[in-house]
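Trainee:
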Amino acid sequence: MNGIKKSLKHRTAEILLAFFILLSGNWLAFHSGSFIVNFNTVGFSLVSSVQEGVANVFGFGKRIIMAVHDVVLLEKEYKALTEKLKDYEYMQRNNTEIRKENERLREQLQFATELEYRNIAAQIIGRNPDNLYSGITIGKGSRSGIRKGMPVIAIQNGNIGVVGKVVTVGLSTSLVMPVYDSKCNISSRIQNTRDIGIISGSGSYDSPLMLNYIRKRVLDDFNHGDLVVTSGENDNYMKDIPIGRISKITVLDYDSSLQIEIDPVIDFMRLETVLVVDHKYGNDRPKIENSAKEGAE
Numbered sequence: 028m029n030g031i032k033k034s035l036k037h038r039t040a041e042i043l044l045a046f047f048i049l050l051s052g053n054w055l056a057f058h059s060g061s062f063i064v065n066f067n068t069v070g071f072s073l074v075s076s077v078q079e080g081v082a083n084v085f086g087f088g089k090r091i092i093m094a095v096h097d098v099v100l101l102e103k104e105y106k107a108l109t110e111k112l113k114d115y116e117y118m119q120r121n122n123t124e125i126r127k128e129n130e131r132l133r134e135q136l137q138f139a140t141e142l143e144y145r146n147i148a149a150q151i152i153g154r155n156p157d158n159l160y161s162g163i164t165i166g167k168g169s170r171s172g173i174r175k176g177m178p179v180i181a182i183q184n185g186n187i188g189v190v191g192k193v194v195t196v197g198l199s200t201s202l203v204m205p206v207y208d209s210k211c212n213i214s215s216r217i218q219n220t221r222d223i224g225i226i227s228g229s230g231s232y233d234s235p236l237m238l239n240y241i242r243k244r245v246l247d248d249f250n251h252g253d254l255v256v257t258s259g260e261n262d263n264y265m266k267d268i269p270i271g272r273i274s275k276i277t278v279l280d281y282d283s284s285l286q287i288e289i290d291p292v293i294d295f296m297r298l299e300t301v302l303v304v305d306h307k308y309g310n311d312r313p314k315i316e317n318s319a320k321e322g323a324e
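Numbering follows our numbering, with no gaps: position 55 of the sequence shown is 82.
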């Protein structure tokens, strides 16, 4: 028992000593003000940290929103620029096509006014690719003065060439039999030598024409690339209108004539407009220069 009592006395003394030390420390802290300052500092730091975190979160969110907004604006601007680019390219293509069309029409008008005979310009509105009868339909007929049998020519890339002749006439349309038709025969001459023959079609626009009845003995007088023109005989076509150029010459042992292939000067698949010629009458069109002067006056 005595031991227990002694132990309790020692512990009680230790507890009291600790209590008085803690009490003395608090008293000194309150009197010196250091406790209050430390509390304020800790509180301020805590609140500041929370505010900084909140500010960072809101700032990050704001930056994301602004970034999304910028992306949306950029996408709209990109689409608008893409549409403008498409419009610009479309306008460029149209301007190029209009320019080319104007050049073709100016070239044709110049030729139409300078041609010796009366002529009627017409647009090709249809084609019949049948090999037996490859007709070309034009948008002019009897109302415009077109008659059956009239020769049809064209100017293309500065080259004048025979297209064919009118075989059927309606009120506002006509059918032209082109030179490559298998039923077409044209009295022709080799321009350099003036040797006469007959050009016949093979039935297809992408096949050469055939020049027949040229004698073998004149073979050394002409060459590949020589021009073949209309002879003007039989009153079917005007004289010296280009038909094509010699592309191949074949000598057949059993035939007294040469077999000569001709490439047409006209590219029929690119042909858009033609001139139907009334070679019984002179050209009554005013010259372009005169028209320009009258317009200026």
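All C-beta atoms, glycine included, are put in the ideal place defined by N, C-alpha and C.
Buried or exposed for Y281, please, with buried defined as at least 16 other CB atoms from any protein chain shown within 10 angstroms of its CB.
Mentor: The sequence position of residue 281 within the sequence shown is 254, counting from 1. Counting Cβ neighbours within 10 Å, Y281 comes out exposed, since fewer than 16 surround it.
Trainee: Residues in the same chain with beta-carbon distance under 8 Å from L246, minus the five sequence neighbours each way, listed in chain order, please.
Mentor: One-based indexing of the sequence shown puts residue 246 at position 219. The residues are I276, V278, L285.
Trainee: Run the CB neighbour count on Y264, radius 10 Å, all protein chains shown included, and call it buried at 16 or more, exposed below.
Mentor: Along the sequence shown, read from residue 1 onward, the residue named residue 264 stands at position 237. By the neighbour-count rule (16 or more Cβ atoms within 10 Å), Y264 is buried.
Trainee: For the pair the segment 218 to 228 and the segment 297 to 305, tell me if three or more CB-CB distances fall below 8 Å.
Mentor: No contact exists between the segment 218 to 228 and the segment 297 to 305.
Trainee: Can you give me the C-alpha to C-alpha distance between R272 and E288, rounded to a whole angstrom?
Mentor: The sequence position of residue 272 within the sequence shown is 245, counting from 1. The sequence position of residue 288 within the sequence shown is 261, counting from 1. Computed Cα separation, rounded: 8 Å.
Trainee: In three-state DSSP terms, what is V189?
Mentor: Stepping through the sequence shown from its first residue, residue 189 is reached at position 162. Residue state, collapsed to three classes: strand.
Trainee: Nearest by alpha-carbon distance to I151: which of T200, N186, I187 is it?
Mentor: The count along the sequence shown starts at 1 and reaches residue 151 at position 124. Nearest C-alpha to I151: T200.
Trainee: How long is the line joining the alpha carbons of F249 and I270, rounded to whole angstroms?
Mentor: Here the question's residue 249 lines up with position 222 in the sequence shown. Here the question's residue 270 lines up with position 243 in the sequence shown. Approximately 16 Å, taken between the alpha carbons.
Trainee: Specify the secondary structure class of D247 as computed by DSSP and reduced to three states.
Mentor: Mapped onto the sequence shown, residue 247 falls at position 220. Residue state, collapsed to three classes: helix.
Trainee: Under 7 Å Cβ to Cβ from N239, same chain only, skipping five residues before and after it: list those, please.
Mentor: Along the sequence shown, read from residue 1 onward, the residue named residue 239 stands at position 212. Cβ within range, chain order: G224, I225, S227, S284.
Trainee: Can you tell me which residues form a DSSP beta bridge with P205?
Mentor: As a first step, residue 205 is located in the sequence shown; it is residue number 178 there, counting from the start. Paired residue(s): G191.
Trainee: Applying the 10 Å Cβ sphere with the 16-neighbour rule, what's the burial state of K175?
Mentor: Residue 175 sits at position 148 when you count from the first residue of the sequence shown. K175 is exposed by the Cβ-count criterion.
Trainee: Just how far apart, CA to CA, sit N158 and K113?
Mentor: Residue 158 sits at position 131 when you count from the first residue of the sequence shown. Residue 113 sits at position 86 when you count from the first residue of the sequence shown. Its pLDDT being 49, under 50, N158 is placed unreliably by the model, and the measurement read from it follows with that caveat. Each residue's Cα considered, the two are about 42 Å apart.
Trainee: At the level of alpha carbons, what is the spacing between G168 and A149?
Mentor: Counting from one through the sequence shown, the residue named residue 168 turns up at place 141. Counting from one through the sequence shown, the residue named residue 149 turns up at place 122. When rounded, the distance between both Cα atoms is 9 Å.
Trainee: Measuring straight from C-alpha to C-alpha, what distance separates K192 and M204?
Mentor: Here residue 192 refers to the residue found at position 165 when the sequence shown is read from its first residue. Here residue 204 refers to the residue found at position 177 when the sequence shown is read from its first residue. Distance between the alpha carbons of K192 and M204: 6 Å.
Trainee: Is it true that the CB of S229 sits closer than 9 Å to the CB of L258?
Mentor: Here residue 258 corresponds to residue number 231 of the sequence shown, with the count starting at 1. Here residue 229 corresponds to residue number 202 of the sequence shown, with the count starting at 1. Before going on, a small fix: residue 258 reads as Ser here, not Leu. Their beta carbons are not under 9 Å apart, which means S258 does not touch S229 by this criterion.
Trainee: I'd like the span of the beta strand (DSSP E) that includes D290, first residue to last.
Mentor: Taking the sequence shown and counting its residues from 1, one reaches residue 290 at position 263. Looking at the DSSP string, the run of the beta strand (DSSP E) that includes D290 is 284 to 291.
Trainee: Run through DSSP, which three-state label would N219 get?
Mentor: In the sequence shown, residue 219 corresponds to position 192, counting from 1. DSSP places N219 in coil when its eight states are reduced to three.
Trainee: Identify the continuous beta strand (DSSP E) that holds N146 and give its terminal residues.
Mentor: Here the question's residue 146 lines up with position 119 in the sequence shown. Taken as a continuous stretch (DSSP letters only), the beta strand (DSSP E) holding N146 covers 144 to 154.
Trainee: Just list the residues that DSSP pairs G309 with in beta bridges.
Mentor: In the sequence shown, counting from the first residue as 1, residue 309 sits at position 282. Y144, per the DSSP bridge assignment.
Trainee: May I have the straight-line CA-CA distance separating I182 from R242, to the nearest angstrom?
Mentor: Taking the sequence shown and counting its residues from 1, the one referred to as residue 182 is at position 155. Taking the sequence shown and counting its residues from 1, the one referred to as residue 242 is at position 215. Those two C-alpha atoms are separated by around 31 Å.
Trainee: So, at 7 Å on beta carbons, what are the nonlocal neighbours of R170 in its own chain, with the 5 sequence-adjacent residues on each side left out?
Mentor: For the purposes of this step, residue 170 is taken as residue 143 along the sequence shown, with counting starting at 1. Cβ neighbours of R170 beyond the five flanking positions: L198, S199.
Trainee: The beta strand (DSSP E) spanning I273 covers which residue range?
Mentor: Indexing the sequence shown from 1 puts residue 273 at position 246. Element bounds for I273: 269 to 278.
Trainee: Should I180 and I268 be called a contact, given that it needs their Cβ atoms to be closer than 9 Å?
Mentor: If you number the sequence shown from 1, residue 180 lands on position 153. If you number the sequence shown from 1, residue 268 lands on position 241. The answer is yes: Cβ separation under 9 Å.
Trainee: Along the chain, where does the beta strand (DSSP E) containing N263 start, and where does it finish?
Mentor: Within the sequence shown, residue 263 is the residue found at index 236, counting from 1. Note, N263: premise wrong, no beta strand (DSSP E); not H, not E.
Trainee: Put S231 into one of helix, strand or coil per three-state DSSP.
Mentor: By 1-based counting over the sequence shown, the position of residue 231 is 204. It is coil, neither helix nor strand.
Trainee: Buried or exposed: where does N146 fall if 16 or more other Cβ atoms within 10 Å of its Cβ makes it buried?
Mentor: Locating residue 146 in the sequence shown gives position 119, where the first residue counts as 1. Counting Cβ neighbours within 10 Å, N146 comes out buried, since at least 16 surround it.
Trainee: Tell me whether the beta-carbon of G188 lies closer than 9 Å to the beta-carbon of I293.
Mentor: One-based indexing of the sequence shown puts residue 188 at position 161. One-based indexing of the sequence shown puts residue 293 at position 266. Cβ distance < 9 Å, so G188 and I293 count as in contact.
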